[in-house]
Each structure stands twice: as structure tokens, then as C-alpha cells.
Amino acid sequence: MSNDNNFQKRGKDYPITHGERTLPGKYYHDESIYQEEVDKIFYKFWIYACREEELPGVGDYKLIEVEDESIILVRDKEKKVKGHFNVCRHRGTQLCTEKKGNFKSKNIQCPYHGWTYGLDGKLIGAPLMTKEDGFNKEDCSLHECHVHIWEGFVFISLAENPEPFEVQMEALVGKFKDWRMSELRIAHHIEYKLDCNWKLILQNYQECYHCPGVHPLLSELTPFQSAQHDYSKGAVIGGF
């Protein structure tokens, strides 16, 4: 397949009319700007965490790191995927350090003072703590991280009251319904650690201007000028 094939373009053309340029350099290295992005984007938006099949059984868990926050994603006894901040409500001890595994006791126990939580995050045991001391277990559940599953992909939001997934990810909902993505299964996993600002990677995947020189074989399979961006009100800009 070559570039002279008549691929049907999707989406809408948005011509460059004012000589748009990339962001000023400070947006790629200024720590104060990055911290603002963390607070306003990573801590508030829905972000991808893992595939649902990575948590097949009750008690299976995976840790997800979002900047300074650690989230426990776990399959509870109702077989639902739950998200909990990885911090004990007593003294703030990290509950879990292994990146993935199974809570064989079907409980989550703090290694410091032995407070024990159910997989649903509710406190079920706190040694020597009594109601006479003004203590109420119902007030000490793990802090919740919101979870939404779309086509087998698990998304999380660290926001206290996140915008509905369907609103924020408007561009995704329904777009790939014919692809049967919920039936996909992970065959291989590669993790890249990149020494660069996150926006450089995002911008790289938003264009294929670089494809003829960097990905010549891909350009033979998929004409690099055949795609267009989708423009939506949500948090996703992209196309195919």
C-alpha cells in the first residue's frame, strides 16, 4: 500500500491562518508552569491507568503513580474495580509498596499500627480504638479515587468532584464502538521512561509530519497525510 491510495479523510480541516507557532520555551522547562499543569490537569482530569483484565480476580491490585500521589486499584469482593489513595487514615503510612499483586487476606492492612480496611476501602479493624474515645470506624474509610471503565480501559480521576467522563472525554465516546476494543487483551507490555516534558510526547503523537523520515515503513502502510484532527469540547484532541 502506498501513499497514492485514495484514503478518505475524516474530521475537518482547521487551516493555519495566523502563522501559529509552538509554545514558548518556558512551557517546556519552567517548574512553576509544570506544577500548575499538575494541579489543573493531572490532579483533575480523567487519566488512563490500566486495562481491566490486569485485575482479573478478587484482591488483585495495581499501584498507579500520579506525580506525588499513589493510588491502589483493586478488584473488590463485588468484582468491581475500586480506587483508593495509598495512605492509611491514621498516620498517613503508605499501605502498599509492591507495584502489583494480590491481597490474599482480601483485606488491606497498614504495616504501622495494623489498621485494616476492606477491599472496598471501609475500615474494618483498628486495634484498641473504641467509641468511648470518640472513634467511629465509619468516618475513617480510605480516601476514594474515582474510577471509570470505558471499553476495558480503566480511567481514574483524583478530583474530589470530577467532571463526568462522558463530558470530558466526549471525543472518545462512541468513536471506536465498531472496533470491539473491550475484547482486546494485553499481549506484551513495554514501558518507556523519557527525559523530556510531557507536552513534547503529546505533540509528537498529534502529527505525522515526522513520519516519512522517522517511520518510513509506517508511512508505506498508512499515508501520513490521510488523517485529520477531531475538534471537540472535551479533553482529547486527536484523529485518525
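Quick note: the sequence shown, position 83, residue 83 per the numbering used here, numbers continuous. Virtual Cβ for every residue (Gly too), placed ideally from N, Cα, C.
Measuring straight from C-alpha to C-alpha, what distance separates residue i and residue j?
| i | j | result |
| --- | --- | --- |
| K62 | W198 | 23 Å |
| H143 | V154 | 18 Å |
| K137 | K40 | 33 Å |
| E67 | V38 | 8 Å |
| E54 | R185 | 9 Å |
| P164 | G59 | 27 Å |
| C145 | Y209 | 38 Å |
| I156 | M181 | 18 Å |
| T222 | F176 | 18 Å |
| H213 | I190 | A small correction: the amino acid at residue 213 is Gly; His does not occupy that position in the sequence shown. Whole-angstrom Cα-Cα distance: 23 Å. |
What residues match up with residue i in a beta bridge as DSSP calls it?
| i | result |
| --- | --- |
| E160 | DSSP, once it has assigned bridges, lists no residue as partnering E160. |
| M63 | In the sequence under discussion, the amino acid at residue 63 is Leu, which differs from the Met named in the question. The partner list for L63 (beta bridge, DSSP) reads I72. |
| I47 | I156 |
Tell me which same chain residues have a C-beta within less than 8 Å of the C-beta of residue i, skipping the five on either side of it?
| i | result |
| --- | --- |
| K52 | The amino acid occupying residue 52 in the given sequence is Glu; Lys does not appear at that position. The answer, listed in chain order, is V81, I149, G152, F153, V154. |
Less than 6 Å between C-beta atoms, sequence neighbours within five positions excluded: which residues of the same chain meet that for residue i?
| i | result |
| --- | --- |
| C88 | L95, C110, W115 |
| D76 | K82, L119, D120 |
| T93 | C110, Y112 |
| I33 | Y27 |
Examine the ligand NAD and report whether any of its heavy atoms sits within less than 6 Å of the Cβ of residue i.
| i | result |
| --- | --- |
| Y192 | The ligand content of the structure shown is nil, which means the ligand NAD is not present either. |
By Cβ distance, which residues of its chain are closer than 7 Å to residue i, with the 5 residues on each side in sequence left out?
| i | result |
| --- | --- |
| C249 | Lying outside 1 to 240, the shown extent of the chain, residue 249 is not represented and no answer is given. |
| E78 | none |
Inset, instruction - Could you pull out every unbroken beta strand (DSSP E) segment of at least 3 residues lying fully inside the region 69-153, listed in chain order? - result: 69-75, 81-85, 100-102, 107-109, 116-118, 123-125, 146-150
Legend entry - Inter-stretch contact (C-beta, 8 Å, three-pair minimum) for the region 165-176 and the region 200-217: no
Legend entry - Residue ranges of each beta strand (DSSP E) within the region 166-231, 3 or longer: none
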